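What follows is a short report on a single structure.
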Amino acid sequence: MLMVILMLMWKMTRSNSSEGCSSRHRECPPFPSNSSPPFPFSARPGCGHPSFRLTCATPHSRISINNRSLCILSYNPNTSTITTRCSSSFNLSASPFRLSSSHCHTNSNTIQLQWDPTHDPYFTNCTTCHGLCGFNSSSPTKPFLCLRPQHSSPSLPKLFTTLIALASLLILLSAATAILRAARPTSHQDPTTLFLHRHLAASLLPPPFAYDDLAASTHNFHPSRKIGDGGFGSVYLAHQRDGTLAAVKYLHRHRASAAFSSKSFCNEILILSSINHPNLVKLHGYCSDPRGLLLVYDYIPNGTLADHLHKRKGSLTWRVRLDMALQTALAMEYLHFSVVPPVVHRDITSSNIFVERDMRIKVGDFGLSRVLVVPSSSNGSVWTGPQGTPGYLDPDYHRSFRLTEKSDVYSFGVVLFELISGLRALDQTRDKRDMALADFVVSRIQMGQLHQVLDPALAAGDSVAAVAELAFRCVAADKDDRPDSREVVEELKRVRNRTKDND
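Numbering (mature numbering (1 follows the signal peptide of the UniProt record, and there is no 0)) for the sequence shown: -17 to -1, 1 to 486.
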């Protein structure tokens, strides 16, 4: 940039020094030989009035007056006269010249022509130009135009002062840019790193883990240590140095999902580091490394609710299922009513409900969760693109793009249907109209045929029917017809208190 400015300034000085009417000169007798013809004469086209245009020649230059070429014998700047050879039929009309007191005599062959540079209108408009005038042929009443001075050397100091000021400004800007870059994180384009830098300063995050330590504790993420898999990450069992077990989620960073993985990673850290509930998974730490994004959780050894319902059919009694439903509802109620601002999980599924050895549960996987910060005029909802697991996704949210806590209630209703039926939330082997479990069970309830979708391991009792009715309300097409999570908890407590151990 500095070189460009230097070149432009050099070009300006060169052009300024070459635009004056008298910037070039040639021998033009009888005028002085060391300079161009003085004002008002000019030997260059476009400079001065055409009446004073010279044709330079040796020994005498010539001037054309009313199409009559006259030889200039002498020039007197003090009297503003030139002496020419006498010519017959000489006509000075419409020219700035007039005869001087000397004129043609019978014994003389010369004549003196004079002009008035002070009062003649030909020159009054040119006095401010210091004699450097161009001819304005389009306006005869204003025949002269000021041109640039002959030399630009008087303005060179100003030009170089400007140049120095610009160079100094560039140096200051470069220094400021360098300081700002040094103050920012080295990977300033990585939103994950920006997030970590911002929240670490406020001491809001759990402790970081070293990538090499996590790799060592999982046998370098060996397939034999994999205990779970998903579209955006895999979960590995880690044997930590202190002898404890942990679950390490390794988020994929291939190009197709890198942006989502980064957002999911930050989302889980932000939410799980600010909540605490016995039925929510606990985040112990994280690792942000160019080789991968990792999250470290409690290891919950007994699989997921989906495993127990679909892979170990009949293994759960109704009482255990009811307790699991209540614990899940308590976790959901905590997110919606105790956390400020509320958190919408957006992915409550049987695969994200983890089962401990004592059959208690913890809800996990907050990668899609959303903090529900809403303006006062939005009716308690935020506008966002629908995300979630097919079969559990709220159709009202899918249609309107308006996310509320009632979207979690819908997903929970599908989980209740799974607990009642033992069927998967989405099954392509079922009839097209019944592939989604919510549609399948709702249609049977409406026809009074709940027994057709009831898990054979369960007895058809009042508590099962009550939970089915609650699930039916949770999956209502209009979110305003659904109960909130607080109502869900109260209803499940009521059902459990009325349920006998052998029901």
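The C-beta atom is built at its ideal place from N, Cα and C for all residues, glycine as well.
In this text, all values refer to a predicted model and were calculated from it rather than measured experimentally.
Whole-Å CB distance - residue i paired with residue j, under 8 Å assumed
i      : j      : result
Val458 : Tyr375 : Incorrect: roughly 10 Å between the Cβ atoms, too far for contact.
Met342 : Phe395 : Contact doesn't hold; Cβ gap of about 19 Å is too wide.
Ser256 : Pro189 : 6 Å
Ile46  : Leu56  : About 11 Å; that fails the 8 Å criterion.
Phe337 : Ile283 : 4 Å
DSSP three-state assignment for residue i, whether helix, strand or coil
i      : result
Gln97  : strand
Arg81  : strand
His434 : helix
Arg382 : helix
Pro33  : helix
Tyr375 : coil
Lys345 : strand
Thr38  : strand
Tyr269 : strand
Lys389 : helix
Arg481 : helix
Asn59  : strand
Arg353 : strand
Tyr233 : strand
Phe395 : helix
Ser47  : strand
Tyr282 : coil
His134 : Since pLDDT at His134 reaches only 46, below the 50 mark, its modelled position is unreliable, and the value read off the structure follows with that caveat. DSSP places His134 in coil when its eight states are reduced to three.
Leu228 : strand
Ile258 : coil
Pro245 : Just to set this straight, residue 245 is Ser in the shown sequence, not Pro. Ser245: helix per DSSP, three-state reduction.
Leu53  : strand
Chain-order list of residues whose beta-carbon lies under 8 Å from that of residue i (same chain, five-residue window excluded)
i      : result
Leu420 : Gly374, Val397, Phe400, Glu401, Ser404, Leu406, Arg407, Ala408, Leu409 and Asp410
Val478 : Leu305, Ser446, Ala449, Val450 and Leu453
Ile331 : Thr311, Met315, Val346, Tyr375, Asp391, Ser394, Phe395 and Val398
Glu339 : Ile283, Pro284, Asn285 and Lys345
Cβ-based burial, residue i [other Cβ within 10 Å; buried from 16]
i           : result
Ile154      : exposed
Arg36       : buried
Leu475      : buried
Ala221      : buried
residue 511 : This structure leaves residue 511 out entirely; the chain is present only between -17 and 486.
Phe349      : buried
Ile147      : exposed
Gln429      : exposed
residue 492 : What the structure shows of the chain is the stretch from -17 to 486, and residue 492 is not part of that stretch, so it cannot be assessed.
Glu251      : buried
Lys389      : buried
Lys462      : buried
Asn59       : exposed
Asp414      : exposed
Own chain, CB closer than 7 Å to residue i, minus 5 neighbours either side, in chain order
i      : result
Phe204 : Ala198, Tyr219 and Tyr233
Asn92  : Arg68 and Cys69
Ser16  : Glu10
His260 : Ala314 and Tyr317
Ser334 : Thr287 and Ala289
Thr482 : Arg302, Leu305 and Ser446
Gly297 : Ala440
Contacts around residue i, its chain only, beta-carbon distance under 6 Å, and the 5 residues preceding and following it disregarded
i     : result
Leu96 : Ile65 and Phe80
Please give the ranges of any alpha helix (DSSP H) in the stretch 397 to 475, keeping only runs that are unbroken, at least 4 residues long and fully inside the region.
The DSSP assignment places complete alpha helix (DSSP H) segments of no fewer than 4 residues inside the stretch 397 to 475 at 420 to 429 and 445 to 457, in order along the chain.
Any alpha helix (DSSP H) of 4 or more consecutive residues that is wholly inside the stretch 189 to 221
If we require 4 residues or more, the alpha helix (DSSP H) runs fully inside the stretch 189 to 221 come out as 194 to 200.
Going residue by residue through the stretch 270 to 340, where are the continuous alpha helix (DSSP H) segments of at least 4 residues, counting only ones entirely within it?
301 to 316, all fully within the stretch 270 to 340.
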